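Asks:
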Amino acid sequence: MTAPEAAAHGDHGTHGDPGYQDSKAAYLRRLRLIEGQVRGIGRMVEEDTYCIDVLTQVSAATKALQSVALGLVDDHIHHCVHDAAESGDSEELDRKMAEIMAAVKRLMK
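Mapping of the sequence shown onto this note's numbering: residues 1078 to 1186, in sequence order.
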């Protein structure tokens, strides 16, 4: 079984439960809306819509994805990092802090 297949079946490997579990339905709703936005952008290009109008929609979709990403960062800190801190396992806390810092760096590129 591949890693994505394992995750789809509830196996999160060594990471445990995702920190966004309580917000999962909201994230899925938002991602479906963003998916619709992106499809709409594709239609705009197919219909030769004015480039500035297309760019406006690209910007809106980008901001929507950034909002989802920030929510996931928040959930990770409040669930995964918090749990590691509560456990008293300093190595696990260091791993979780390194994970979130790497993720934030990727988001800022």
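Even glycine gets a Cβ: it sits at the ideal position worked out from N, Cα and C. All figures in this text were calculated on a predicted structure; none of them were measured in a lab.
(1) Between the region 1144-1155 and the region 1119-1127, do at least 3 Cβ pairs fall closer than 8 Å?
(2) Between which two residues does the alpha helix (DSSP H) holding Gln1114 run?
(3) Using 8 Å for Cβ pairs, my map puts Met1178 next to Val1158. What's the rounded Cβ distance?
(4) Exposed or buried, Ile1129, counting other C-beta atoms within 10 Å across all chains shown (16 or more means buried)?
(5) Looking at the structure shown, is Gly1165 part of a helix, part of a strand, or coil, going by DSSP?
(6) Specify the secondary structure class of Ala1148 as computed by DSSP and reduced to three states.
(7) Please report how far the alpha carbon of Ile1154 lies from the alpha carbon of Tyr1104, in whole angstroms.
(8) Which of the three DSSP states is assigned to Pro1126 in this structure?
(9) Output the distance between the C-alpha atoms of Tyr1127 and Lys1140, rounded to the nearest integer angstrom.
(10) Could you round the C-beta distance between Val1145 and Arg1107 to whole angstroms and report it? I think they count as a contact, below 8 Å.
Replies: In short:
(1) no
(2) Lys1101 to Glu1123
(3) With 8 Å as the limit, Met1178 and Val1158 do not qualify as a contact, their Cβ atoms being about 10 Å apart.
(4) exposed
(5) coil
(6) Note that residue 1148 is Gly in the sequence shown, not Ala. Helix, per DSSP.
(7) 17 Å
(8) The displayed chain sequence assigns Thr, not Pro, to residue 1126. If DSSP states are grouped into helix, strand and coil, Thr1126 belongs with coil.
(9) 20 Å
(10) 6 Å
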